[in-house]
Amino acid sequence: MVKFYESSYSYDYSFPAVTLAYFLRYPNPHSTHVLSTDVISRTVDPTTSRLRTVRIHRKSSRLPSAVLKLLPKSVLGNVRGGRSESYILETSEVDIKEGWMKTDSRNLDWTGILSVVEKQAFQRAMPKDEEGDFSVGPGMTDVRTQVMFKSRLGERLRAMRKTGEEEVVVEEEKKGWLSNWSTKGVQRSIEAIASRKTENQLGKSKEGMNVVLERLRNGGLVAVLEGMRKDRELTLAGVES
């Protein structure tokens, strides 16, 4: 089963400013779970002048308690208290002349339990000549977000049964009402829980982008970089504590 979540939003900022903010959005006060970001590759198409970037984000994550109750220990591995680190692969393509950007983000971990693929399409809303100004200028930018959730838990458990890795799929304490559930029922529950969590995270993502855009408006790149430095210090302090 596959579950989808879709939303649309408009930033009251120019397209060049929004695309720049996208690449500078981590860290910000609403993304303290993002530990690091690394650029894997960055190329410009010599014909179209489109910029293609591949990045990987390392995040601290916590599985919702409701999901933990649905999963056997053999699937959870060495996760302690639902906490772990996860990696997100992000691919983006920007056409600054035509005024659009497309992004694709997907989890590299926990794919045996749940795959989450987020696709975003940014589009210049007002065809104004922004003159390549990456400070916040006139114009608006629309963004459409689509997130796909797919639980592969059933496939994982069936494979483990065949290889003999799992003698008991559901532990004694998870029997009773849960043991009567079908695999598809568990998959649907995991997808529904992830969808609700994603809706909340997308709200924080918008707030984080607006923080970066406001810094651009008030102080340009210097203000953004200074804000990133302070946010990084707060994130590291939280990890150490």
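Using the working numbering, you'd call the opening residue of the sequence shown number 32 and step up by one each time. For each residue, glycine too, the CB sits at the ideal point set by N, CA and C.
A direct Cα-to-Cα measurement between residue 125 and residue 115 gives close to 32 angstroms. DSSP places residue 152 in the strand class (E or B) of the three-state scheme. Just so you know, the alpha carbons of residue 140 and residue 118 end up roughly 6 angstroms apart. Straight through space, the alpha carbons of residue 136 and residue 72 are spaced by roughly 15 angstroms. Under the three-state reduction of DSSP, residue 59 is assigned to coil, being neither helix nor strand.
In terms of Cα proximity to residue 176, the closest of 144, 153 and 87 is 153. Checking the DSSP bridge columns, you'll see residue 87 partnered with 69 and 120.
For residue 53, the enclosing alpha helix (DSSP H) begins and ends at 46-54. At the C-beta level, residue 247 and residue 255 come within 8 angstroms of one another. Non-local C-beta neighbours of residue 50 in its own chain, meaning closer than 6 angstroms and more than five positions away in sequence, comprise 125 and 132, ordered along the chain. Contact between residue 134 and residue 142 does not hold, since their C-beta atoms are separated by about 19 angstroms, which reaches or exceeds 8 angstroms.
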